[in-house]
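Trainee:
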Amino acid sequence: MYPRVKRIRTPKIDETIVSFYLENQAIEFDRENCIGCGVCFKVCPKTAISDPKANSVIDTSFSFDDLDNVVISSDNCCFCGLCISQCSIIGIENDKPKLLEDCSECSKCTRYCARTYIPEKEFERAIFNGKTRKNPLFGYFQKAITAQTTDKNALEVAQNGGVCSTILIHALETGLIDGALLTGMDENWKPKPIIATTKEEILSAGGS
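For the record, in the sequence shown the residue sitting at position 121 is 126 according to this note's numbering, with numbers rising by one throughout.
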């Protein structure tokens with residue numbers, strides 16, 4: 006009975022060959038080159054394609070325009086670069102994320118942006134073996150403490166206890182890290198990314 010379907014799987018390529026009565030058609034899926042854009046999902050007439058990396062149906066309800074309207078053009082971007090790392094057609098222009106080609110509406114830039122929505126339950130399931138928190142006020146923890154730095158310089162610029170700044174300074178001075186990617190602010194009090202390689206640069210980004 007036609008069509009007949011034959012699937013060949015290798016470590017890199019998934020090849021599906023569909024044999025019709027008069028012709029054969031082959032579809033190749035390259036795992037290494039797939040960026041999860043969702044175009045194949047949108048054109049499939051049977052809605053039979055799901056995200057090969059997330060093992061779930063791709064969300065195509067948002068586009069770069071949504072990210073631009075809500076975050077970039079509204080000056081809410083913290084310049085973390087996550088949208089650029091998730092999508093190969095987003096680049097930097099005038100120090101802001103910029104769409105380089107036509108958007109495929111895969112939703113990744115909007116879905117993973119920390120300024121739009123953080124899927125906490127998805128993170129919890131991935132980290133804690135499929136479990137989610139039972140108490141809405143607290144996540145998973147082994148021990149909860151309050152702390153305050155003993156570094157007077159850090160305490161002067163800290164919004165709360167200055168612990169994060171102190172830990173970074175210690176890691177830098179002991180050679181554990183070469184530097185830290187932090188968020189400071191410009192003269193208009195807008196977020197500004199900085200690479201801190203000295204104690205003074207770390208303290209300049211102090212405060213939540």
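All C-beta atoms, glycine included, are put in the ideal place defined by N, C-alpha and C.
Whose C-beta lies closer than 6 Å to the C-beta of ARG120 among residues of the same chain, with five residues either side of it excluded?
Mentor: Contacts found: VAL76, ASN81.
Trainee: Distance check for ALA149 and LEU104, CA to CA, integer angstroms please.
Mentor: Each residue's Cα considered, the two are about 43 Å apart.
Trainee: Any heavy atom of the ligand ATP inside 6 Å of the beta-carbon of TRP194?
Mentor: Here there are no bound small molecules, and the ligand ATP is not part of this structure.
Trainee: Taking ASN134 as the reference, give the member of TYR145, THR171, LEU187 with the closest Cα.
Mentor: Selected option, being the one with the closest Cα: TYR145.
Trainee: Exposed or buried, GLY96, counting other C-beta atoms within 10 Å across all chains shown (16 or more means buried)?
Mentor: Label assigned to GLY96: exposed.
Trainee: Cβ atoms of THR171 and GLY184: under 7 Å apart, would you say?
Mentor: No, the Cβ-Cβ distance between GLY184 and THR171 is not below 7 Å.
Trainee: According to DSSP, is ILE95 part of a helix, a strand, or is it coil?
Mentor: Of the three classes helix, strand and coil, the one that applies to ILE95 here is strand, per DSSP.
Trainee: Helix or strand or just coil, what does DSSP make of LYS197?
Mentor: In this structure, LYS197 counts as strand in the three-state DSSP scheme.
Trainee: Please look up how many angstroms separate the CB atoms of GLU106 and SER68, rounded, as I've assumed it's under 8 Å.
Mentor: In fact, because the Cβ distance is near 13 Å, the residues do not count as touching under 8 Å.
Trainee: With a threshold of 8 Å on Cβ separation, who are the neighbours of ARG130 within its own chain once the five nearest residues in sequence on each side are excluded?
Mentor: Hits under 8 Å: LYS136, THR137.
Trainee: What is the DSSP secondary structure of ALA159, counted as helix, strand or coil?
Mentor: Helix, per DSSP.
Trainee: Pick from GLU127, ASP156, SER79, TYR117: whose alpha carbon is nearest that of SER90?
Mentor: When only C-alpha atoms are compared, the closest one is TYR117.
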